[in-house]
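Add 158 to a position in the sequence shown, counting from 1, and you land on the number used in the numbering used here. Glycine residues also receive a C-beta, built at the ideal position from the N, C-alpha and C atoms. Worksheet: one structure, shown below.
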Amino acid sequence: MSHHETCGRCGGSGQISCNLCHGTGRMVQPGSYGSEIPCPECGGTGKDTCHACSGSGTVKLDD
159 MSHHETCGRC GGSGQISCNL CHGTGRMVQP GSYGSEIPCP ECGGTGKDTC HACSGSGTVK
219 LDD
């Protein structure tokens with residue numbers, strides 16, 4: 159038997175902060191003396207799909 163619970167990693171949102179930009183959505187372009195560009199990992203959203211729940215917000219637990 160199994161049941162679903164809210165994902166502890168993302169709190170049920172299905173998203174986590176981007177690891178590359180740390181949730182800002184922006185990065186300093188290398189060699190540009192401070193010019194910012196959208197993060198190439200998250201596309202500027204600052205969010206990434208939670209890998210623990212695959213974006214569903216819940217995890218399946220076996221009883």
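Closer than 7 angstroms by C-beta to residue i: which residues in its own chain qualify, once you throw out the five before and the five after it? Chain order, please.
i, result
"serine 214", "Gly172"
Can you name, in chain order, every residue of its own chain whose Cβ lies under 6 angstroms from the Cβ of residue i, other than the five neighbours on each side?
i, result
"isoleucine 174", "Cys168, Asp206 and Cys208"
"glycine 170", "Thr164 and Gly215"
With which residues is residue i paired in a DSSP beta bridge?
i, result
"proline 196", "Arg184"
"aspartate 206", "Ile174"
Strictly under 8 angstroms for the Cβ-Cβ distance: is residue i near chain D by that measure?
i, result
"glycine 183", "Included in the structure is just one protein chain, with no chain D present."
Around the C-beta of residue i, are 16 or more other C-beta atoms found within 10 angstroms, so that it is buried, or is it exposed?
i, result
"methionine 185", "buried"
Taking C-alpha atoms, which residue in the options lies nearest to residue i?
i, options, result
"glycine 181", "Gly170, Gly192, Tyr191 and Glu199", "Glu199"
"glycine 204", "Asp220, Glu163, Cys176 and Gly166", "Cys176"
"cysteine 197", "Ser190, Lys218 and Gly183", "Gly183"
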